[in-house]
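Residue numbers (my numbering), protein chains in the order written: chain A, -12 to 652; chain B, 29 to 504; chain C, 13 to 485; chain D, 465 to 568.
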């Protein structure tokens, strides 16, 4: 493919509208927050809803030209402005960005509505919605941009939104630290993309997707690999891939709707988007594919393993998110773009649902997040149970639920693209996923309520560190409770796609999904694996069954339910250090980057600057002063001494003149 | 040599004569003037005399004439230097009005005027005798002036100046004798004979002659007298001495090196002077660093400033001459201005010019502090002052004539000096709640006026760089 | 004449303010703001006009020649805006004298940027040291700082003086800034070049000539340091472009390695130190070292894109560092400390202050969508294009560090639990808000649409122009 | 020119000896009067030289110069003595080294 075309150029007012509406909402809610008060939530939600509608309308516009035969390529491309000479900015709505836009605006809308209920009574209600809308705008910038710099702008802005929202309760030191960590790691990722842009500009002299992808053939293999790696650094940071994942669990400091929207459904999948978007690059670089696929696999496995040992309900979901994104990255990494992207699609629904479900629990338990202090909630919160159950079934890949289709597509895709090891990793991870998700479900909902048990009996050593947050006092629950439906309806709506979304993939190569993306991704010639797709599904199912069985045995049998308190304590206390410390990734990053920077900073700032450089200056000044005193010391005040100096000077003169005059002869 | 003396020869001496006669008039008038106005009479007569001399002198600009067979040469060169001397004398007489002792002022004014005569004579001196005469007239009057204060330090300064200056004069005189021996003539014009270029007598004689010059210019290592004498002498005398001595001596020096040397030997012959100038730029500025007395500090500053002026002359180019004169003129006003401000603030006591008295000046007298700051900045060579432009011009000549090393010495010296000047500025702007030093003469209008004039000139010279073209020294 | 009035009005009014006896702080602030506003308007109105009057004809030609050049136009605007904002934000003891110093500083710097004559440039170069020096003496915390500032910068100024004199002698005229037919070569030129370069590098500053800078920036009252860090430091960079690059491109190219190395060291060094400083103003000071190091690399890389980026970043850095210092000044005046250890939790009670600090800090750390990012990205792209791969890679590290120290700064002041023993809080007043609004607004506008900054007419600089033509785009 | 019975060089040598005796006197002696006398010695050494050269060149400028110097030296001695008297009026011992109020 020597020429890469990005949709049909033209003017698409709806496209512009869908992009800018959330920005309007953000600015209005931010600027007039005190005046809007509680109206900010509905306003921002409405704007986002309008944005969703505009998405559909603009897609309609985009397909219009195909329908009338004016073009054969589905997509809308609107050039906007020349940012700086040579850096032109425009919007691109093609199947890939449409998918993301739909999730961002659609799921985003639901989460907004949910938030009206969840954030009710918070002091900074309007600010919250301003941030949320700003995030949506940033994320739309990211996915709708038609060039790498626009992508990077969006990339940075979503990081900022994420920073604001993680640190939303900025009076909590832990939230502040988590926000900063997330931001800094994400900037490290931005820097990767930035460097990729340098390389792209240096070789292609353009930042437009069209130009870049059109001239892939002219890039040398190492150069292409370098670009891919740099891009992937950005993707890894944003999508919490090993080893840049450590910010994601901490990011759960933010309000739960934030976790649902940003740290599950949309922002963290930006890495997937990037790899899928740059499919033309990756497809030409098998080494990059292997690398990305492997890292995705490792992340999937590591996330799943760490998910098994968490107690904070949101951290469990966070690790599961990390693991699922690992799947997606693995999929798009090895070249199974439809599969990876599909998993993003289904994951957005069921993970949003899981988070929102857990949000209902947290809300109901006055911000209790530790599953050890839950239990028996099935009777208290039946709706939450249903929501969580559907989510768990979907994430585990139980046939018929959405997750099964997409996950199988990814796992099978690895084999199709010739990566049997990753195939095995995918299957194994599926089993572990089933284990920890059902563990979550059982511990939370079955047995007796343990909220009144002394935390230390449950093995909770540092309640404040273990995720037992009782301090969201601003987040008052007593005053005007919003109607429960505000939180329940969005969750209820999400149940539908959580179950059904996967069916779009039904039918393999003839599925609507495959048709939709037919023009989007480069088609590789696929091997015909020894194992069929059906067999794969069965193997996965077997693993899942084993996982569920273990979870059942450990947490759900009558016996286990009765001895839950001791069980949980033993498990908490005897957790292997390597797991408790999450494979020491945090410590290693801290040592290598944070400590060393601080050491250098201290060395420069405390020693070299004041002592060595400024010391030299002071020494010079001092020696000037000393010279002054030295010169003074000749001024003894004695006339004869002065005369002596004078005569000495005369002697020098005379010697010079005598010698010079003598030399003339 | 033309033995006949015409009227034109006498007219050439007219400015000097006017000043000398004015001195006599001052003395006579003092006998008759009532006691309570006698100081004003003396000052007024002195100012009138100097002004008349200045006007008469200016008329000679552009009319080059070698009077008395070349003994005294009038021209643009001598006019400029004489005017500088007159300005210095005017300034210091005014300062006498500000701080002087009423009973002795007539004598001091007269001596000052005679001293100025000496310096003016030097400005036009065309042979060794005139030079010696002018030099001694200048010096003898100054010895007396230095001692004209009822302080031990003043007497000490007179004594030190007397001894050391006489020794230097002795060396210079001996050098003159050798020069005479080499050339058979005392006229500067006769030293240009090519045959003299390799005459050892000329070299040694010139060396001793230059020693005398260096002493009067207070170049290191012949500078030792100047800090003590400047500190001890009455403030107006210091002001006068710091400018007039330098002006007169520079005139002699410039005439000697520009017009009185056999062709080709200047670079070698004068090398020691340039080295000494470079050392002065550094050592003078370094010497300022540890001073606690303004007059003493300005003495060291003067040592360095002369170094800068010499750097302009090093190339021996006409432009260099002009820039040296420009810088000397600028220096005259900066220095006089600084002394004028000092006179505003201190009586002429032992402690009068201690830097400690300047602490917190900005609070007590912001305008005085601002003016002093401007003069110090000008001495340091910061814009928007003539010092800045003067340094640029000097740098440009020294760079273009192959004496870049003098330019670098100038830069290094300036950098050092800045620290010292800034120290004074800092003291003035220090916020001192217990500022006890009283300002002795806070409202002497004459001193204010002279300081203000200096401010205007120092700034104006930056924007209208007067570098008169007709200033090449002549020998006949 | 309008151009001339641009320089003279602030100086004359400043001097007049020094003399008058009226101590009403509002009056002085109003007068100062009006003058700054006048300079802003006049700067726009006089764009492209010139005024000239012969100064010297020997030993070289020199003129009082004022007029903006393609690049200095932006610096003049930046200066006028920063001064206006800083004066609006001024609230110090002895207000009248302080405003007078601010106006003198503005006048001197306007003279510097508007000078079309090298000698005039040198004159204003030294002149602009004085107001800062006097401010440090009168309002600074330590006298030693005033020394450092003065000695370093004056030493640089002396080198500039020497080089200017040599330039004049060599070329015969100093009336050259903005001329395109000046191209110096010869045995003397390297010396001249370094004379200029040292002055510029001290002023910028660049490691290891920087130790005056953190002291000065932390000791000077905020309104003054806002102008100094935002604009005065750009004098060096402007000089590098308008003099080094324009007249002696061969030497800038020949010594590019030295500049790049110094730039990279500054870049990294400043960033690492900023991470560990506890004094809020020093964090920003060291971040300046880091940011301006990048611009030095950009200029040395001799690449069209990098140069464009440098101009953008010069303006952007001016805006955000002015905003940061003003905000830190507000914080300091309220809480009487700048220690990040002591401060905290101000955001809850001061949302507007927090918002402003947030935007400024984000611009400083190069957040996409704000002006700092544009400059960084374009500079780095250019550097990389020019083949300086290693510097480009190393320059990425400070970006990450910047996010760390800028967030530490922001969070250390605004976030976290409220500190009980800090004095009573008061959010931004309308005047303070008015002072910050133009800066913050400009950061956003230039971030979204930096186009105006990139369309400067570089043909005035022959070497620059040829660089731009020879650029890859 | 008259024949010279004594070679010029001898005059030069003598005058330089006298001159350096004068210099040494200034440096060594602590009595201000002797110092003044030593200075006179230096002047007179120069005078001797002037006379000698004047004769050698058969040029009267040297004679005139010498008279000038004698006059000046007289004035100088008068002023010098006056200053010495004012400085040492109250001192019991007359010592150049006692005059050192100002230094540094």
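All residues carry an ideal CB built from backbone N, CA and C; glycine is no exception.
- Message: With distance defined between alpha-carbon atoms, name the residue in A/329, A/340, A/389, A/385 nearest to residue 400 of chain A.
- Response: In the first chain, counting from the first residue as 1, residue 400 of chain A sits at position 413. Looking at A/329, A/340, A/389, A/385, the one whose alpha-carbon comes closest to that of residue 400 of chain A is A/329.
- Query: Can at least three beta-carbon pairs, one atom from the region 382 to 390 of chain C and one from the region 344 to 362 of chain C, be found at a separation below 8 Å?
  - Reply: Taking 8 Å as the limit for Cβ pairs, the verdict is that the region 344 to 362 of chain C does not touch the region 382 to 390 of chain C.
- Query: Can you check whether the CB of residue 344 of chain A is closer than 7 Å to the CB of residue 371 of chain A?
  - Reply: The residue labelled residue 371 of chain A in the question sits at position 384 within the first chain. The residue labelled residue 344 of chain A in the question sits at position 357 within the first chain. Yes, the Cβ-Cβ distance between residue 371 of chain A and residue 344 of chain A is below 7 Å.
- Task: Determine the chain D residues that contact residue 588 of chain A at a beta-carbon separation under 8 Å, and present them in chain order.
- Result: Position 601 of the first chain, counting from 1, holds the residue named residue 588 of chain A. Within 8 Å of the CB of residue 588 of chain A, no CB atom of chain D is found; the nearest one sits about 46 Å away.
- Task: Would you mind sorting residue 276 of chain A into buried or exposed? The rule is 16 or more other CB atoms within 10 Å of its CB.
- Result: For this step, residue 276 of chain A is matched to residue 289 along the first chain. Buried: at least 16 other Cβ atoms inside 10 Å.
- Query: Given a threshold of 16 other Cβ atoms within 10 Å of its Cβ, counted over all protein chains shown, does residue 63 of chain B qualify as buried or as exposed?
  - Reply: Here residue 63 of chain B is taken as the residue at index 35 of the second chain, counted from 1. With fewer than 16 neighbouring CB atoms inside 10 Å of its own CB, residue 63 of chain B falls in the exposed class.
- Under the three-state reduction of DSSP, which class applies to residue 67 of chain C: helix, strand or coil? Reading the third chain from its first residue, position 55 is the one you call residue 67 of chain C. Taken through DSSP and simplified to helix, strand or coil, residue 67 of chain C comes out as strand.
- Where the region 491 to 503 of chain D meets chain B: residues whose CB sits under 7 Å from a CB there: Within the region 491 to 503 of chain D, the residues whose Cβ lies closer than 7 Å to some Cβ of chain B are 499, 503, listed in chain order.
- Query: Where does residue 404 of chain A fall in DSSP's three states?
  - Reply: Numbered from 1 along the first chain, position 417 holds the residue referred to as residue 404 of chain A. When secondary structure is reduced to three states using DSSP, residue 404 of chain A falls in the coil class, being assigned neither helix nor strand.
- Mind checking if residue 647 of chain A is an interface residue toward chain E, Cβ cutoff 7 Å exclusive? The question asks about chain E, but that chain is absent: this structure's protein chains are A, B, C and D.
- Just to check, is the beta-carbon of residue 124 of chain C closer than 6 Å to a non-hydrogen atom of the ligand ADP? Summarising the ligand content, the structure contains no ligands, and the ligand ADP is consequently not present.
- Whole alpha helix (DSSP H) elements within the region 62 to 89 of chain B, 4-residue minimum: Counting only runs of 4 or more, we get 66 to 87.
- Query: Buried or exposed: which applies to residue 493 of chain A, given that a residue is buried once 16 or more other Cβ atoms fall within 10 Å of its Cβ?
  - Reply: If you number the first chain from 1, residue 493 of chain A lands on position 506. Flag for residue 493 of chain A reads exposed.
- Query: With contact counted as at least three CB pairs below 8 Å, one residue from each stretch, are the region 101 to 116 of chain B and the region 350 to 366 of chain B in contact?
  - Reply: In this structure the region 101 to 116 of chain B touches the region 350 to 366 of chain B; the number of beta carbon pairs closer than 8 Å is three or more.
- Three-state secondary structure (DSSP) at residue 179 of chain B? Along the second chain, read from residue 1 onward, the residue named residue 179 of chain B stands at position 151. Three-state result, residue 179 of chain B: coil.
- Sequence-distant residues of its chain with Cβ nearer than 6 Å to residue 448 of chain B (five each side left out): As a position in the second chain, residue 448 of chain B is number 420, starting the count at 1. Taken in chain order, the residues that qualify are 316, 317.
- Who are the neighbours of residue 640 of chain A on chain D, taking C-beta pairs under 9 Å? As a working mapping, residue 640 of chain A is identified with position 653 in the first chain. Within chain D, no C-beta atom comes nearer than 9 Å to that of residue 640 of chain A; the closest sits roughly 14 Å away.
- Residue-chain proximity (residue 565 of chain A, chain C), Cβ-Cβ < 7 Å: Stepping through the first chain from its first residue, residue 565 of chain A is reached at position 578. Chain C, which has no Cβ nearer than 7 Å to the Cβ of residue 565 of chain A, makes this no.
- Task: Measure from the alpha carbon of residue 503 of chain D to the alpha carbon of each residue in D/474, D/544, D/518, D/527, then state which is nearest.
- Result: Within the fourth chain, residue 503 of chain D is the residue found at index 39, counting from 1. By alpha-carbon distance to residue 503 of chain D, the top candidate from D/474, D/544, D/518, D/527 is D/544.
- Inspect the beta-carbon positions of residue 126 of chain C and residue 76 of chain C and report whether they are closer than 7 Å. As a first step, residue 126 of chain C must be located in the third chain, where it is residue number 114. As a first step, residue 76 of chain C must be located in the third chain, where it is residue number 64. Cβ atoms of residue 126 of chain C and residue 76 of chain C: not closer than 7 Å.
- Message: Between residue 523 of chain D and chain B, is the shortest Cβ-Cβ distance under 7 Å, so that the two count as touching?
- Response: Along the fourth chain, read from residue 1 onward, the residue named residue 523 of chain D stands at position 59. At a cut-off of 7 Å between C-beta atoms, residue 523 of chain D counts as an interface residue with respect to chain B.
- Query: Can you check whether the CB of residue 26 of chain C is closer than 7 Å to the CB of residue 115 of chain C?
  - Reply: To locate residue 115 of chain C, count along the third chain from 1; it is residue 103. To locate residue 26 of chain C, count along the third chain from 1; it is residue 14. Contact: yes.
- Neighbourhood of residue 113 of chain B by C-beta, 7 Å cutoff - its chain only, sequence neighbours within 5 removed: One-based indexing of the second chain puts residue 113 of chain B at position 85. Excluding the 5 residues flanking it on each side, residue 113 of chain B has same chain C-beta neighbours closer than 7 Å at 144, 147, 148, 151, 272, 275, 276, in chain order.
- Query: For the putative contact between residue 94 of chain C and residue 243 of chain C, defined by C-beta atoms under 8 Å, what is the C-beta separation to the nearest angstrom?
  - Reply: Here residue 94 of chain C refers to the residue found at position 82 of the third chain. Here residue 243 of chain C refers to the residue found at position 231 of the third chain. Contact between residue 94 of chain C and residue 243 of chain C holds, with the beta-carbon distance rounding to 6 Å and staying under 8 Å.
- Item | Rounded distance between the beta-carbons of residue 155 of chain B and residue 99 of chain B, thought under 8 Å | Counted from its first residue, the second chain places residue 99 of chain B at position 71. Counted from its first residue, the second chain places residue 155 of chain B at position 127. Contact flag correct, Cβ pair sits at about 5 Å.
- With burial defined as no fewer than 16 other Cβ atoms inside 10 Å of the residue's Cβ, what is the status of residue 398 of chain A: buried or exposed? In the first chain, counting from the first residue as 1, residue 398 of chain A sits at position 411. Buried, because 16 or more other Cβ atoms sit within 10 Å of the Cβ of residue 398 of chain A.
- Item | Anticipated Cβ contact below 8 Å, residue 311 of chain C with residue 257 of chain C, distance rounded | Counted from its first residue, the third chain places residue 311 of chain C at position 299. Counted from its first residue, the third chain places residue 257 of chain C at position 245. Indeed they touch by this definition, with Cβ atoms about 6 Å apart.
- Query: Can you pull the DSSP bridge partners for residue 101 of chain B?
  - Reply: In the second chain, counting from the first residue as 1, residue 101 of chain B sits at position 73. Residue 101 of chain B pairs with B/94.
- Member of B/160, B/345, B/183, B/396 whose CA lies at the smallest distance from the CA of residue 365 of chain B: On the second chain, residue 365 of chain B is found 337 positions in, with the first residue counted as 1. The residue with the shortest Cα to Cα distance from residue 365 of chain B is B/396.
- Per DSSP, residue 64 of chain A is paired with what? Your numbering for residue 64 of chain A matches position 77 in the first chain. Looking at the DSSP assignment, residue 64 of chain A forms a beta bridge with A/-4, A/79.
- Task: Give a yes or no on whether the minimum CB-CB distance between residue 653 of chain A and chain C is below 7 Å.
- Result: Lying before the first or after the last residue shown, residue 653 of chain A is absent from chain A, which here runs from -12 to 652.
- Task: Please report how far the alpha carbon of residue 249 of chain A lies from the alpha carbon of residue 125 of chain A, in whole angstroms.
- Result: In the first chain, the residue the question calls residue 249 of chain A occupies position 262. In the first chain, the residue the question calls residue 125 of chain A occupies position 138. So the alpha carbons of these two residues sit roughly 11 Å apart.
- What number of angstroms, rounded off, separates the C-alpha of residue 444 of chain C from the C-alpha of residue 158 of chain A? Against the third chain, residue 444 of chain C aligns to sequence position 432. Against the first chain, residue 158 of chain A aligns to sequence position 171. Answer to the nearest angstrom: the Cα atoms are 25 Å apart.
- Query: Out of curiosity, what's the CA-to-CA distance linking residue 228 of chain B and residue 245 of chain B?
  - Reply: To locate residue 228 of chain B, count along the second chain from 1; it is residue 200. To locate residue 245 of chain B, count along the second chain from 1; it is residue 217. Taking the CA atoms as reference points, residue 228 of chain B sits about 25 Å from residue 245 of chain B.
- Item | Buried/exposed call for residue 217 of chain C, threshold 16 Cβ in 10 Å | For the purposes of this step, residue 217 of chain C is taken as the residue at position 205 of the third chain. Flag for residue 217 of chain C reads buried.
- Beta-carbon proximity list for residue 93 of chain A, same chain, < 6 Å, skipping 5 on both sides: The residue labelled residue 93 of chain A in the question sits at position 106 within the first chain. If we look at residue 93 of chain A and ignore the five residues flanking it on each side, its Cβ neighbours are 39.
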